[in-house]
Amino acid sequence: MRKNIVAGNWKMNKNLQEGLDFAGELQTVLNGKKINCDVVICTPFIHLALINKQKTGNTVKLGAQNCADKVSGAYTGEVSAAMVASTGAQYVILGHSERRAYYGETNAILKEKVKLALENNLIPIFCIGEVLEEREAGKQNQVVKTQIEEALFELSAEDFGKIVLAYEPVWAIGTGKTATPDQAQEMHAFIRQTLVAKYGEKIANDTSILYGGSANAKNAKELFSNPDVDGGLIGGASLTVEAFMPIIEAF
Ligand code: PGA
Numbered sequence: 706m707r708k709n710i711v712a713g714n715w716k717m718n719k720n721l722q723e724g725l726d727f728a729g730e731l732q733t734v735l736n737g738k739k740i741n742c743d744v745v746i747c748t749p750f751i752h753l754a755l756i757n758k759q760k761t762g763n764t765v766k767l768g769a770q771n772c773a774d775k776v777s778g779a780y781t782g783e784v785s786a787a788m789v790a791s792t793g794a795q796y797v798i799l800g801h802s803e804r805r806a807y808y809g810e811t812n813a814i815l816k817e818k819v820k821l822a823l824e825n826n827l828i829p830i831f832c833i834g835e836v837l838e839e840r841e842a843g844k845q846n847q848v849v850k851t852q853i854e855e856a857l858f859e860l861s862a863e864d865f866g867k868i869v870l871a872y873e874p875v876w877a878i879g880t881g882k883t884a885t886p887d888q889a890q891e892m893h894a895f896i897r898q899t900l901v902a903k904y905g906e907k908i909a910n911d912t913s914i915l916y917g918g919s920a921n922a923k924n925a926k927e928l929f930s931n932p933d934v935d936g937g938l939i940g941g942a943s944l945t946v947e948a949f950m951p952i953i954e955a956f
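Residues 706 to 956 in my numbering are what the sequence shown spells out, letter by letter.
See below:
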């Protein structure tokens with residue numbers, strides 16, 4: 706069965722000490738609790754190794770927010786999937802809409818990143834989602850389907866089975882405008898149907914599909930109560946333990 710996952714996406718926030726403090730505090734709070742989902746924090750690269758060293762056990766899992774589309778070599782400023790894996794991180798966000806929009810990441814580039822992440826035993830949290838004009842034109846399903854097809858559908862069933870998807874309508878990210886639980890469920894069900902058609906029922910049913918976009922303590926429970934919403938990718942509300950914990954506890 707698929708996992709429920711709540712993943713924080715810090716984006717470009719927190720210096721090293723702030724990140725270590727947050728991770729320590731989160732682990733302390735979680736240690737005393739019974740938690741019904743996997744908890745992941747996706748930090749800037751610089752935090753990964755030190756948080757991994759500081760943490761005890763696997764209550765809080767670590768992820769990066771990106772990795773290179775090349776194996777190694779003369780690519781100044783890039784960080785490879787192998788380097789991410791060597792920090793102890795288990796996840797990597799790929800295809801976030803901010804990467805697509807501001808850094809020109811295409812489905813073709815993302816296909817390479819996904820391949821390298823999997824080769825290095827990282828679990829991609831692969832983001833998909835439409836912009837407002839696409840939703841207003843009723844094209845959201847086609848947009849999301851194309852993103853999945855172009856970046857992921859050359860994967861073997863075995864490899865696809867390792868991927869986590871995150872549906873993040875771009876109009877909901879950081880805007881305070883969340884998709885309604887019905888809009889989220891409708892899209893997640895559509896995504897799962899798309900997976901059924903390509904990889905069959907078993908893989909489709911075992912794939913965790915997270916929702917992202919202004920998810921918070923107030924709306925998480927209702928969003929997560931949908932049958933096809935298996936957790937959240939949380940930006941703004943993952944930056945303090947007080948804001949993040951109620952989302953984790955929404956399961
Ligand atoms: P948000 O970001 O929760 O701040 O909207 C979500 C994301 O971009 O992953």
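Glycine included, each C-beta is placed from N, C-alpha and C at the ideal position.
Worksheet item: Cβ of Ile-939 versus every heavy atom of the ligand PGA: is any distance shorter than 8 Å?
Response: yes
Worksheet item: When you compare only the Cα positions, how much space is there between Lys-923 and Asn-931?
Response: 15 Å
Discussion item. On a Cα-Cα basis, can you pick out the residue from Leu-837, Ala-779 and Glu-730 that is closest to Lys-882?
Written reply: Leu-837
Worksheet item: For Phe-831, which three-state DSSP category applies?
Response: strand
Discussion item. So, does the region 720-738 touch the region 772-779, judging by three or more C-beta pairs under 8 Å?
Written reply: no
Item to complete: Answer yes or no: do Pro-886 and Glu-835 have a C-beta to C-beta separation smaller than 9 Å?
Response: no
Discussion item. Does the beta-carbon of Ala-942, which I'm using as the reference point, lie nearer than 8 Å to any heavy atom of the ligand PGA?
Written reply: yes
Practice prompt. Report whether the distance from the Cβ of His-801 to the nearest heavy atom of the ligand PGA is below 8 Å.
Written response: yes
Discussion item. Can you tell me whether Val-765 is buried or exposed? The criterion is at least 16 other CB atoms within 10 Å of its CB, across all chains shown.
Written reply: buried
Worksheet item: By how many angstroms is the C-alpha of Gly-879 removed from the C-alpha of His-752?
Response: 23 Å
Worksheet item: Where do the ends of the beta strand (DSSP E) carrying Leu-944 lie?
Response: Counting along the chain, Leu-944 falls outside any beta strand (DSSP E), and DSSP gives it neither H nor E.
Worksheet item: Can Ile-953 be considered in contact with the ligand PGA, in the sense that its beta carbon sits closer than 8 Å to one or more heavy atoms?
Response: no
Practice prompt. Could you have a look at Leu-725 and say whether DSSP puts it in helix, strand or coil?
Written response: helix
Worksheet item: Which stretch, first to last residue, makes up the beta strand (DSSP E) that contains Val-784?
Response: Segment: none, Val-784 is in no beta strand (DSSP E) and carries neither H nor E.
Fill in: For Ala-769: DSSP bridge partner residues
Val-797
Worksheet item: Which partner residues of Gly-743 appear in the DSSP bridge assignment?
Response: It should be noted that the sequence gives Asp, not Gly, for residue 743. Asp-743 pairs with Ile-710.
Discussion item. For Thr-792, count the other beta carbons within 10 Å of its own beta carbon; 16 or more makes it buried, fewer makes it exposed. Which is it?
Written reply: buried
Worksheet entry | Rounded distance between the beta-carbons of Val-934 and Ala-889, thought under 8 Å | 6 Å
Worksheet item: Roughly how far, in whole angstroms, is the beta-carbon of Thr-748 from the beta-carbon of Leu-735, given that I think they are within contact range, below 8 Å?
Response: Between Leu-735 and Thr-748 the Cβ distance is about 16 Å, and since that is not below 8 Å, they are no contact.
Item to complete: Give the DSSP bridge partners of Gly-937, in chain order.
Response: Val-711 and Tyr-916
Discussion item. Quick test of the definition: if touching needs 3 or more C-beta pairs under 8 Å, does the region 778-789 touch the region 816-833?
Written reply: yes
Worksheet item: Excluding sequence positions up to five away, which residues of its chain have a Cβ less than 8 Å from the Cβ of Asn-757?
Response: Leu-767, Thr-792, Gly-793 and Ala-794
Worksheet item: Cβ-heavy atom distance between Ile-914 and the ligand PGA below 8 Å?
Response: no
Discussion item. Along the chain, where does the alpha helix (DSSP H) containing Ala-822 start, and where does it finish?
Written reply: 812-824
Worksheet item: Which whole-angstrom value is the C-beta distance of Trp-715 and Ser-943, which I expect to be below 8 Å?
Response: 7 Å
Worksheet item: Which term fits Lys-739, buried or exposed, when burial requires 16 or more other beta carbons within 10 angstroms of its beta carbon?
Response: exposed
Fill in: Candidates Val-946, Glu-947 and Ile-953, of which the one nearest Leu-938 by Cα
Ile-953
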